[in-house]
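Engineer: Below is one structure. I have some questions about it.
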Amino acid sequence: MIKTVASIQVRMGSTRLPGKVMKDLVGKPVLGRLVDRVNSAKLLDEVVVATSTNPLDDVIYDYCKNNSISVFRGSEDDVLKRIIGVMDYYNADQGVTLFGDCPCIDPEIIDEMINIFLSHNGKYDFVGNDLTTTYPPGLEVEVYKVEALKDAHKRSLDSKVKEHGTLYIRQHPEIYKLLNIRAPNNLFYPEMEIELDTAEDFLVIEAIYKHFINVGRLSFSSREIIDFLLKNKELQASNSHVERLWKEYREE
258 MIKTVASIQV
268 RMGSTRLPGK
278 VMKDLVGKPV
288 LGRLVDRVNS
298 AKLLDEVVVA
308 TSTNPLDDVI
318 YDYCKNNSIS
328 VFRGSEDDVL
338 KRIIGVMDYY
348 NADQGVTLFG
358 DCPCIDPEII
368 DEMINIFLSH
378 NGKYDFVGND
388 LTTTYPPGLE
398 VEVYKVEALK
408 DAHKRSLDSK
418 VKEHGTLYIR
428 QHPEIYKLLN
438 IRAPNNLFYP
448 EMEIELDTAE
458 DFLVIEAIYK
468 HFINVGRLSF
478 SSREIIDFLL
488 KNKELQASNS
498 HVERLWKEYR
508 EE
């Protein structure tokens with residue numbers, strides 16, 4: 258039986274919003290909200306928070322341990338090696354990369370990406386929705402063969418590339434078979450920022466969570482988030498000016 262393990266990369270040392278994963282998001286840390294959403298996906302055998310051995314990240318480790326969340330610690334800078342450590346420890350056949358700056362991640366999109374990956378019966382090394390930007394940034398999901406990840410670590414000599422996890426795979430379509438999943442029309446909002454990178458982003462995400470929690474909704478879909486922001490144009494525009502660092506590594 259194929260084992261699918263999700264790795265959520267998080268650390269306290271964010272350059273633009275330090276400690277963001279432990280900021281209170283309507284009564285629970287951002288990390289807790291994120292893990293709750295990921296745990297709603299049906300096709301994951303294990304969900305693991307992958308943080309670093311830096312003492313700054315002890316607070317992440319302690320939170321996970323105190324809340325029965327699987328956690329793994331590895332290299333701070335070689336994120337690719339850290340993810341491989343997760344996959345080896347949990348004996349994964351295929352991995353799912355998720356990001357600590359995506360507290361609005363949609364479990365249905367996670368399951369969709371895994372289903373697409375499996376439906377091709379090993380044809381692709383990597384399936385994701387972030388080779389080009391079509392979904393709202395903050396809904397990124399990557400599924401890959403663990404063997405491809407290990408191969409990428411052996412081939413890559415650039416420490417900056419290893420810092421960005423699957424980047425080597427994404428940059429080398431001549432080596433790896435890649436499939437980008439384009440957003441369906443109802444989710445095609447590449448300009449709608451729902452990732453957590455800055456203080457402005459946090460205010461947007463906090464407003465989203467407050468809206469749904471205040472009406473008794475602990476779970477809500479990406480389409481519902483889009484509808485909420487379309488009705489609140491000023492809120493949606495409030496973080497549109499932020500320069501996104503990921504644009505250096507992704508086609509738009």
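FYI, the numbering for the sequence shown is 258 to 509, going by this note's numbering.
Ideal placement from N, C-alpha and C gives every residue a C-beta, glycine not left out.
If you're wondering where the values come from, they're calculated on a predicted model, not measured in any experiment.
1) Identify the continuous beta strand (DSSP E) that holds S309 and give its terminal residues.
2) Find out if the Cβ-Cβ distance for the pair I340, G352 is shorter than 9 Å.
3) Out of H377, I483, D454 and T455, state which residue places its alpha-carbon closest to the alpha-carbon of H468.
4) Spatial neighbours of P394 within its chain, please: C-beta separation below 6 Å, excluding the five flanking residues on both sides.
5) Rounded C-beta distance between R273 and D415? I'm assuming under 8 Å.
6) Counting only runs that start and end within the region 435-495, where is the beta strand (DSSP E) found for 3 or more residues in a row?
7) If you draw a straight line from the alpha carbon of V262 to that of L375, how long is it in whole angstroms?
8) Compare the beta carbon distance of V398 and I432 with 9 Å and say whether it is the shorter of the two.
9) Does the structure place the region 314-330 close enough to the region 376-389 that three or more beta carbon pairs sit under 8 Å?
10) Which ranges would you report for the beta strand (DSSP E) in the region 290-350 if only whole runs of at least 3 residues count?
11) Can you tell me whether Y401 is helix, strand or coil according to DSSP?
12) Leaving out the 5 sequence neighbours to the left and right, which residues in its chain are closer than 6 Å to D334 when beta-carbon positions are compared?
13) Taking 7 Å as the limit between beta carbons, can you name the residues of its chain near V316, skipping five residues before and five after?
14) Sorted by chain position, which residues of the same chain lie with C-beta nearer than 6 Å to V283's C-beta, five sequence neighbours on each side aside?
15) Please classify M258 as buried or exposed, where buried requires at least 16 other C-beta atoms within 10 Å of its C-beta.
16) Please classify K411 as buried or exposed, where buried requires at least 16 neighbouring CB atoms within 10 angstroms.
17) Mark R290 as exposed unless 16 or more other C-beta atoms lie within 10 angstroms of its C-beta, in which case mark it buried.
18) With distances taken Cα to Cα, identify the nearest neighbour of F477 among S264, L406, V295 and D281.
19) What separation, rounded to the nearest whole angstrom, lies between the Cα atoms of V235 and K338?
20) For T308 and S332, what's the separation of their Cα atoms in angstroms?
21) Rounded to whole angstroms, what is the Cα-Cα separation between A405 and H429?
22) For S219 versus V304, is the C-beta distance shorter than 9 Å?
23) Between the Cα of I362 and the Cα atoms of G342, K285 and I265, which residue gives the shortest distance?
24) What does DSSP give as the partner residues of Q266 in its beta bridges?
Structural biologist: For this structure:
1) Residues E303 to S309.
2) yes
3) I483
4) E450 and E452, listed in sequence order.
5) At roughly 23 Å, the Cβ-Cβ gap does not stay under 8 Å, so R273 and D415 are not in contact.
6) 435-437
7) 14 Å
8) With respect to I432, V398 sits apart: the two C-beta atoms are not nearer than 9 Å.
9) no
10) 303-309 and 327-331
11) strand
12) E420
13) M269 and M279
14) Y466, K467 and I470
15) exposed
16) exposed
17) Around the beta carbon of R290, 16 or more other beta carbons lie within 10 angstroms, which makes this residue buried.
18) V295
19) The question about residue 235 has no answer, for the chain in this structure spans 258 to 509.
20) Each residue's alpha carbon lies about 8 Å from the other.
21) Taking the straight line from one Cα to the other gives about 11 Å.
22) An answer regarding residue 219 cannot be provided, because it is not within the stretch 258 to 509 covered by the chain.
23) I265
24) A307 and F356
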